[in-house]
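Chains as they are written, first to last, in my numbering: chain A, 1 to 327; chain B, 328 to 983; chain C, 984 to 1250.
Here's the structure we're looking at; comments come further down.
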Amino acid sequence: MDLLYKIFIDPFMQMGGAPDLLVQTLWEGLVSGMLYALIALGFVLIFKASGVFNFAQGIMVVFAALTLVGVYDLLRSAGVTPGWLAAYLALAIALGVMGILAFAVERVVLRPLVNQPDIILFMATFGLTYFLIGFGEFVFGGNPKRMIAGELNLPSGAVEFKMAGGFVAMQKIDIAAVLIVSVMVAGLSFFFQRTRIGRALRAVADSHKAALSVGISLEQIWVVVWFAAGIVALTTGIMWGARSEVSFSLQIIALKALPVLILGGFTSIPGAIVGGLIIGIGEKLGEFYWGPLLGSGIESWLAYFIALLFLLFRPQGLFGEKIIERI
Amino acid sequence: MVNTAVVHDTFPKLLERNARDFGARPSMRHKDLGIWQSWTWSEVRDIVRAYAVGLSRLGVKRGDTVAIVGSNRPKLYWSIVAVQMLGAVPVPVYADAVADELAFVLKHADVRFAAVEDQEQVDKIQSVMDRLPNLEWLVYDEPRGLRDYDHARLRSMEDVIADGRKALAADAKLGAWLDGEIAATKGSDPSIILYTSGTTGTSKGVVLSGERSIAAATDTVNFDHLDENDVALAYLPLAWVGDHYLNFAQGMVAGFCMACPENAETAMADLREIGPTFYFAPPRTLEALLTRVMIRMEDASAIKRKLFHYFIGVARQYGERILNGQSVPLTGRILYGVGNLLVYGPLKNVLGFSRVRTAYTAGEAIGPDLFAFYRSIGLNLKQLYGQTEAFLYVTCQPDGAIYSDTVGPAAPHVDIRIADNGEVLFKSPGMFTGYFRDEAKTAEVLTPDGYVKTGDAGFFDEKTGQLKIIDRAKDVGKLKDGTLFAPKYIENKLKFFPNIREAVAYGDGRDFVTVMLNIDLTAVGSWAERNNVAYASYQELAGHPLVYDMLEKNVAEVNRSLAADKMMAGAQIKRFLILHKELDADDGELTRTQKVRRGFVAERYAPLITALYDGSDAADISTEVTFEDGRKGVISARVKIRDMKVVPAAAMEKAA
Amino acid sequence: MRAPDDKPKSRIGDVLLAVEDVSLAFGGVKAINGVSFDIRQGEIRAIIGPNGAGKTSMLNVINGFYHPQQGRITFKGRTRSRMRPYEAASGGIARTFQNVALFRGMSALDNIMAGRTLKMNVNFFWQLFRRGPAMREEIEHRRFVEEIIDFLKIQDIRRTPVGRLPYGLQKRVELGRALAMEPELLLLDEPMAGMNLEEKEDMSRYILDVNEYYGTTIALIEHDMGVVMDLSDRVVVLDHGEKIADGTPDEVKRNQAVIDAYLGVAH
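Spelled out as structure tokens, the structure:
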């Protein structure tokens, strides 16, 4: 009885009792949720358009961040004044590098394997992962680096406001993160729905054969998609790197994307967002209010638990495409 | 209110008036290539005038008959008025008529010109050209496929209209001449000839005059308060009197907009898009709609189903009374309001009925449940009764006095009398002037004092004062023991059940009543899917023992209902069978308006009828069928027969 | 589609596509062995043969899905040893598939609009904001597609996701998509498969209309001999990857080698 009370009543009492803490927790959940969503978005893009689960997405995040920081250092040592000019120049160059990466991946990995089963392509992304790890270490070294958040004019510090007897603090970088993610998602959705390339992308995702016969160039589409995923990876790298640091351990975050994808569906952009938010907010709430009960560390396994439930009851996720079959 | 016919006694004159008074309002809409095209009254007037001039240059003159063959397309309606402008007479023919039927009408009406919809109709006419030596010109609307045809006697309507336009622009006197022609046509001159689909015998050409048509249409326009803001969807056959009356004539008189759907298959979707304010559907269509809704509901989630059934119950309780303006408790109104939000509103929206102010049905008896259902969800459905010879309306129900088992009091200015033998007679402002070139038949159908014999048996119900139609007068018969046998009455009761699509009853001069049934493939097929009953063909499903069980229950219920009526108790169904194939108009078993040709069916299925009356359990039958492309084939089957128990009338009285 | 041809009868012109000594092998299996034939402008060419004869592989070679190990393809005067699908499509070759390759999640209308992909030329930025030239082009394409929908009489299913349509209608939508590409050469892989008599007659009518009305050259693989005899101008017969006959339907019908192949006589 006492146990039931502790599980089902007490946490809600606590929530109600200190609403400012609730808001704080919700906010933090929102932020981490958005960032999970961002990672998941990279997977969704590539999966949607080429049916490949890109195991290398995580390392692409690291690679992109490392490139950005590395180029910035290079520019500085070449005499460019430190500050926003160098930072944005570095950003532009980093984007260019992701573009080249997209081209290279299409040429070297995707094109030769075009008619192979999906599992082969998945294994190829494994190979890509290890290549990027090795290459990254070779070029940038294995030490953790600092993200050039300030130079990119990303705000720092916190905003505090009083509420309900206490106060809530929001990191400005977090606010920026939420805004940037929202804009990015809106932009991507718009792109998919409205433009010719977006429509071609959906066509390719639906049926390669049909897309080919209509004259859509699969190679072009894949380059576009991997580039988009690269942009997402860069953004992810910047945001996560700004909140901690840029190191190879950052790729672990990619693992969190898996529950998000299971929840939201592997092919849905809004699904990635909703999935991310559910996981993010769920984790934080769980950790804060139920943590003392179940021992801390809820954050590390709750996401997978929720994912398991979904796999059992609704495997296509909330937004995944239901397969339309005519019997 | 001054009757319009006094001033504008022909449709061309009405068109001029509408162009003057409602010039900028939409007159015609047509969904073509995916979007709704629209024409105003002024535009239509100009097009029709150019068309008329073009036709006159092809040789159409006063007194000619011009066939109009096709489905609801703007240019065909405009063909009607253009022809009328010249004092010639349009003769519409059903679009799905086979070549023989077409040849008959065109020959009988002695047409020299034909305005047709498309290549299909052109091909049909050309295939019987040898029987139509007087046919000079064919004009067509849809050019697809006709490009390579010999155009010696063929022309596109576009070209005719363009030619007329050029001529009008070049010669100012031509316009004045046309005005003269329009003015010269008297209201008493023939305005149109509508050939009725005979349920017995061959078709007859009903001649209607302009002034009578417009007088009748004016009466009903006032009766239903229609005006230039209304919208109707013309989806029923153009050659049918109902379409000519309800859409064309009323549209001309009131100035409202007529919309033509893209084609027959999209009609339901187009209905939703147009959102008409006035609607007509035969009971069959309403049945089919309801069946589809019910089937979709069966497949919906449990919550939705519960919600649906609950609120339909609420509607059944309060709906009709609210529609009739009667008093309803406040809780009832609130519940109904919620139901409207959740169920009836969306339902009407899906069916396309959201804006319908007045809806009519006619043609056959409508099931009381069906009728009540539509009224209860807020559709103002009413009945009317009539025939081509009356130019449709003989009776119609006014708002506030609507019953499912009557067809209404006499329509405005219509006089109804019941003959001694029960036949309904009428005299109406819109009635026809005679059968084309058939004085004998005209005389046959009129009484000495000028009343038309409808051929239907009926009586005025004491309670409501409204007319009740029992059956075709000549079909009402007697069993060997003298019990009244009204086959239609029994068949209608059977057809109220969703599983039964068609029923034919026999019993005149026999010992007892038997019926042959057709299952409704949609309803029974859906039931089969849900209950894992496998079938490979219509024939197999129709012969399935479980299906027989289901229908047996329906027949039993009809027997119970018959037992409740002293007159009908002796006419309960003793045996029935399910036919192995659907009765079809292409095989001659139904008319083009889907009414059963009882005599023809009796001949064709004679072996089955013999078996019904000689006590056999089953019978073999082989029938010739016609496929859609005209080829013939043979279908054979062994049809099973079931016996029914009869409910003793005495038992019913005790239970009551 | 070009404007309807004004010359009615002598519609068959010069060679549009020629396949020269093409061989195709998968691993050790030779699917096509040294096959040569041509297709003339404006004709309806049937490719027939018993199952496994290599007919679908031949079509796949023509529109670039498979690359032959040997041989050449000459299309509109240009000779290539291998064609990429994109080149085939933009060169004016459209294709339908034996098992229907449609975008199952999209409506019939969207599927047919997809066929206009190569004809859409307007700049990316106009598209992004849906203004000016992009809107006009969209309307033009929509009008074109609606003509096709009208021609194929599929107005009532234009918004239905094709995954939900019965097989016969799916094949019609696929034909519509191929037509939307305004092809000069239309490759049809068993267009009548799985259809009942009425559907076959409709499809035959459409194929003939496309050929007569728009002058489109058509190559079709078909098993129904009646259809082949009625529709085609010339026939090429494949068996076990080799060409065993080539001529008019009558000639081919009487050819002994063809009769043997269908009866399964070893040769």
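Note that the Cβ used here is the ideal one computed from N, Cα and C, for glycine as well.
Query                                                                                                                             : Result
Three-state secondary structure assigned by DSSP to B/E444                                                                        : coil
Close beta carbons around B/V851, own chain, < 7 Å, minus the five adjacent residues each side                                    : N826, L868, V874
B/Q899 in three-state terms, based on DSSP                                                                                        : coil
Contact residues within the segment 200-211 of chain A, judged by C-beta distance below 7 Å to chain C                            : A200, A203, D206, S207, K209, A210
Contact with chain B by C/E1184, beta-carbon distance below 8 Å                                                                   : yes
Closer than 8 Å to chain A by CB, C/M984                                                                                          : Unreliable positioning characterises C/M984 in this predicted model, as indicated by a pLDDT of 35, which lies under 50. The coordinate reading is nonetheless provided below. With 8 Å as the cut-off, C/M984 does not count as an interface residue toward chain A.
Partners in chain B for C/R1063, counting only beta-carbon separations shorter than 7 Å                                           : Per Cβ cutoff of 7 Å: no residues; C/R1063 is ~37 Å from chain B at best.
Uninterrupted alpha helix (DSSP H) stretches inside the segment 390-462 of chain B (no shorter than 4 residues)                   : 401-412, 426-435, 446-454
Completely contained beta strand (DSSP E) runs for the segment 1168-1214 of chain C, where each covers 3 or more residues         : 1168-1172, 1200-1204
Straight-line gap, A/A56 to A/T195 (C-alpha atoms, nearest Å)                                                                     : 27 Å
Contacts around B/L598, its chain only, beta-carbon distance under 6 Å, and the 5 residues preceding and following it disregarded : L560, G679
For A/M163, three-class secondary structure by DSSP                                                                               : strand
Cβ-Cβ distance between C/D1229 and C/A1244 below 8 Å                                                                              : no
Neighbourhood of B/F763 by C-beta, 7 Å cutoff - its chain only, sequence neighbours within 5 removed                              : A436, I520, G532, V534
DSSP bridge partner residues for B/I968 (one or two, in chain order)                                                              : B/L904
Interface residues of chain A facing C/F1086 [CB-CB closer than 7 Å]                                                              : A203, D206, S207, A210
Closer than 8 Å at the beta carbon, the chain C residues around B/N590                                                            : K1136, Q1138, D1139
C/G1011, DSSP secondary structure in three states                                                                                 : coil
Three-way DSSP call (helix, strand, coil) for B/V831 in this model                                                                : strand
N- and C-terminal bounds of the alpha helix (DSSP H) containing B/T618                                                            : 610-626
Spatial distance of B/A890 from B/D876 (CA atoms)                                                                                 : 21 Å
Rounded straight-line distance, which links the Cα of C/G1146 to that of A/I327                                                   : Bear in mind that a pLDDT of 34 at A/I327, under 50, signals an unreliable position, so the number given afterwards is only what the model happens to contain. Distance between the alpha carbons of A/I327 and C/G1146: 10 Å.
8 Å contact criterion, which B/P695 and B/D732 should meet: CB distance rounded                                                   : 6 Å
A/G42: first and last residue of the uninterrupted alpha helix (DSSP H) it sits in                                                : 19-50
Neighbour list for C/L1253 in chain A, Cβ cutoff strictly below 7 Å                                                               : Because chain C spans 984 through 1250 in this model, residue 1253 of chain C falls outside it and cannot be assessed.
Chain A residues whose Cβ lies nearer than 9 Å to that of C/A1014                                                                 : Those within 9 Å of C/A1014 in chain A number zero; the least Cβ separation is about 15 Å.
Closer than 7 Å: B/F638 CB and nearest the ligand FAD heavy atom                                                                  : The model depicted lacks the ligand FAD and carries no ligand whatsoever.
Partners in chain C for A/S217, counting only beta-carbon separations shorter than 8 Å                                            : Y1069
Helix, strand or coil at A/I252 according to DSSP, with G and I counted as helix                                                  : helix
Per-residue burial, B/G897 [other beta carbons within 10 Å of its own, 16 or more giving buried]                                  : buried
Helix, strand or coil at C/S1006 [DSSP, three-state]                                                                              : strand
Residues from the segment 1142-1155 of chain C in contact with chain B, defined by Cβ distance under 8 Å                          : none
Per-residue contacts from B/T593 into chain C (C-beta, under 8 Å)                                                                 : Q1138, D1139
Cβ distance (whole Å) where B/P610 is taken to contact B/L697 below 8 Å                                                           : 7 Å
Residue-level contact to chain B via CB, C/D1133, 8 Å cutoff                                                                      : yes
C/E1182 vs B/D956 beta-carbon contact at 8 Å                                                                                      : no
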